[in-house]
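Visitor: Going by the numbering used here, the residue at position 29 of the sequence shown is 153; the numbering climbs one at a time, nothing skipped.
This is the structure I have questions about; it appears just below.
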Amino acid sequence: MFRYSLIGILLASTLLSGCKEESVADQKAKPAPIVLVQKVAFETSDSEQTFSATVKARVVSDQAFRVTGKVVNRLVSVGDVVSVGSPLAEIDTSDFKLQLTQASAEVQAAQQSLDQQLIQTKRVEKLAKDGWAAQASLDQQHVANDEAQARLDKAKQSQSLAENAIEYGLLKSDSDGVVTDTAIEPGQVIAAGQKAISIARNTVLEAQVAIPESVVSRIAAMDASFTTWNDPTKVYPAKLRELSPAADSASRTFAARFTISSPDEALKLGMSGQLHLSSKSQALAKVPMAAIFDQGKGPGVWRVDKATGKIELQSVTVASMGQSTASLSGGVTEGEYIVALGAQKLDAGLVVRPVDTLQR
């Protein structure tokens, strides 16, 4: 009985051994599975945002009379181009001319008084030298000379002030630019220092724009350019110069100014146009969703050696996922091949036959 049992066991072992050898042989005979692969390519996409903008002058100065008076003539209007020294307006200088006449008379009287004191001084000095005058008399004469000289200096200063007042009666431009505002009219009495005419200096032009909250944090790193509605084909490079630290209470936007590089004669103050802000996003590699494989240790892809057919699981960093594709920001390199379809059916160490396209 025992002998029959032993024979049965040996027979079963022989049969199992034969099946195993046949299975291994079948596996060796099977061809490597075909897998669809994709070449990794990183791309950067340019994003651009456009905002309405207006051409402004960087410096707008308010011109004002330095003396008080009645305006008799305004010589410029809004939009006029002026240069340094161009007359802008004038006030009545009749009172200043009277003051000049009075000051000139005082200068003449003070000069005569000084001349008389100088003659008297020579007399006293001679008497003192001959012993006919005391030293105290000579000292008093010197004091009288100093007083006469001081009166003359004061009179001359008053004369200069009167002359300046007449000169200040004609308001002149202190820079090249364009008249942007006129706050005076003939017949108006204007005080010294009161705004009369505004001039925008045309040396530096800027684009004034309102920036939304979503862009403020990135605006410094973005490239800027300006185009006018009149000629959108001509692009002016621009650079951020000023950004308001606080948002407008009504629009919740931030006022910004961009300096326009190389402005030409076609660019005029007050022109409207568009400010273009562009930036390059991070380089990403787009792969099919089916290429992503996760065994619980994070996402990965199967890296394929096209020469040998060997595959290797490589961890990757997924930047974003769409409906059919995923964007990778790390873990793969430009030009290598990965399995694009059926990543879940592969195992480490498996040799595959990579193809770029599946044929039906």
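Glycine included, C-beta positions come from ideal geometry on N, C-alpha and C.
Quick caveat: nothing in here was measured; it's all calculated off a predicted structure.
#1: How long is the line joining the alpha carbons of Ala324 and Lys392, rounded to whole angstroms?
#2: Rank Ala362, Gly454 and Gln226 by C-alpha distance to the C-alpha of Ala348 and give the top, closest one.
#3: Cα-Cα, which of Asp418, Thr304, Asp480 and Lys253 is closest to Ala467?
#4: Residue ranges of each alpha helix (DSSP H) run of no fewer than 4 residues wholly in the region 300-351, ordered along the chain?
#5: State the CB to CB distance for the pair Ala331 and Ala177, rounded to an integer number of angstroms; the pair is presumed to be in contact (CB under 8 Å).
#6: DSSP three-state label for Arg381, please.
#7: Would you check if there are 3 or more beta carbon pairs closer than 8 Å linking the region 209-216 to the region 187-201?
#8: If you measure between the beta carbons of Val440 and Gly420, is that distance less than 8 Å?
#9: For Ala188 and Phe175, what's the separation of their Cα atoms in angstroms?
#10: Where Met445 and Ala390 are concerned, what is the direct C-alpha to C-alpha distance, given to the nearest angstrom?
#11: Using the beta-carbon count (16 or more within 10 Å), is Ile243 buried or exposed?
#12: Among the candidates Leu251, Leu276 and Asp270, whose CA atom is the shortest distance from the CA of Gln236?
#13: Would Pro356 be called buried (16 or more neighbouring beta carbons within 10 Å of its own) or exposed?
#14: Tell me the residue span of the alpha helix (DSSP H) that contains Lys278.
#15: Could you tell me the alpha carbon to alpha carbon distance between Gly317 and Leu329, rounded to whole angstroms?
#16: Starting from Val440, trace the alpha helix (DSSP H) in both directions and tell me its first and last residue.
#17: Hey, is the region 257-277 in contact with the region 287-300, meaning 3+ C-beta pairs nearer than 8 Å?
#18: Taking all protein chains shown into account, decide if Pro478 is buried (16 or more other Cβ within 10 angstroms of its Cβ) or exposed.
#19: Consult DSSP for Leu401 and reduce its assignment to one of helix, strand or coil.
#20: May I ask which residues mark the beginning and end of the alpha helix (DSSP H) holding Lys250?
#21: Does the beta-carbon distance from Leu238 to Ala279 come in below 8 Å?
#22: In this structure, what does DSSP give as the bridge partners for Gln162?
#23: Is the region 330-346 in contact with the region 378-388, if contact means three or more CB pairs nearer than 8 Å?
#24: Distance, Cα to Cα, Gln283 vs Val267?
#25: So what's Lys410 in DSSP terms, helix, strand or just coil?
#26: Using CA coordinates, which residue listed in Val206, Val191 and Met395 is at the minimum distance from Phe220?
#27: Measuring only the C-alpha atoms, how far is Lys410 from Arg365?
#28: Apart from the five residues on each side of it in sequence, which residues of its chain come closer than 7 Å, Cβ to Cβ, to Gln232?
#29: Locate the beta strand (DSSP E) running through Gln197, then write down its first and last residues.
#30: Please name the residue, chosen from Glu458, Asp471, Lys469 and Val428, that lies closest to Val161 on a Cα-to-Cα basis.
#31: May I ask you to report which of helix, strand or coil DSSP gives Ala472?
#32: If you draw a straight line from the alpha carbon of Trp426 to that of Glu172, how long is it in whole angstroms?
#33: Does the Cβ of Ala380 have 16 or more other Cβ atoms within 10 Å, making it buried, or fewer, making it exposed?
#34: Would you mind working out which of Lys194, Arg182, Gln281 and Ala258 sits nearest Leu224, comparing C-alpha positions?
#35: Which residue marks the beginning of the beta strand (DSSP E) containing Asp480, and which one marks its end?
Guide: In short:
#1: 11 Å
#2: Ala362
#3: Comparing C-alpha distances from Ala467 to each of Asp418, Thr304, Asp480 and Lys253 shows the shortest one belongs to Asp418.
#4: Scanning the region 300-351 for uninterrupted alpha helix (DSSP H) segments of 4 residues or longer gives 337-340, listed from N- to C-terminal end.
#5: 4 Å
#6: Note: Arg381 maps to strand in three-state DSSP.
#7: yes
#8: no
#9: Distance between the alpha carbons of Ala188 and Phe175: 36 Å.
#10: 47 Å
#11: A residue is called buried when at least 16 other Cβ atoms come within 10 angstroms of its Cβ; Ile243 does not meet this threshold and is exposed.
#12: Leu276
#13: Counting the other CB atoms within 10 Å of its CB gives Pro356 a total below 16, which places it among the exposed residues.
#14: Secondary structure note for Lys278: its alpha helix (DSSP H) is the uninterrupted segment Gln259 to Tyr292.
#15: Each residue's alpha carbon lies about 27 Å from the other.
#16: In this chain, Val440 is not harboured by any alpha helix (DSSP H), its DSSP state being neither H nor E.
#17: Result no; under three Cβ-Cβ pairs closer than 8 Å.
#18: Buried, because 16 or more other Cβ atoms sit within 10 Å of the Cβ of Pro478.
#19: strand
#20: Ser218 to Asp254
#21: No, they are not a contact pair.
#22: Its beta-bridge partners are Ile462.
#23: They touch, by the three-pair rule.
#24: Each residue's alpha carbon lies about 25 Å from the other.
#25: In the structure shown, Lys410 sits in a strand (DSSP, three-state: E or B).
#26: Val191
#27: Taking the Cα positions, Lys410 is about 37 Å away from Arg365.
#28: none
#29: For the sequence presented, residue 197 should be read as Asn rather than Gln. From DSSP, the beta strand (DSSP E) with Asn197 extends over Gly193 to Arg198.
#30: Comparing Cα positions, the closest option is Val428.
#31: coil
#32: 35 Å
#33: buried
#34: It is Gln281.
#35: Unbroken run through Asp480: none, as it is neither H nor E.
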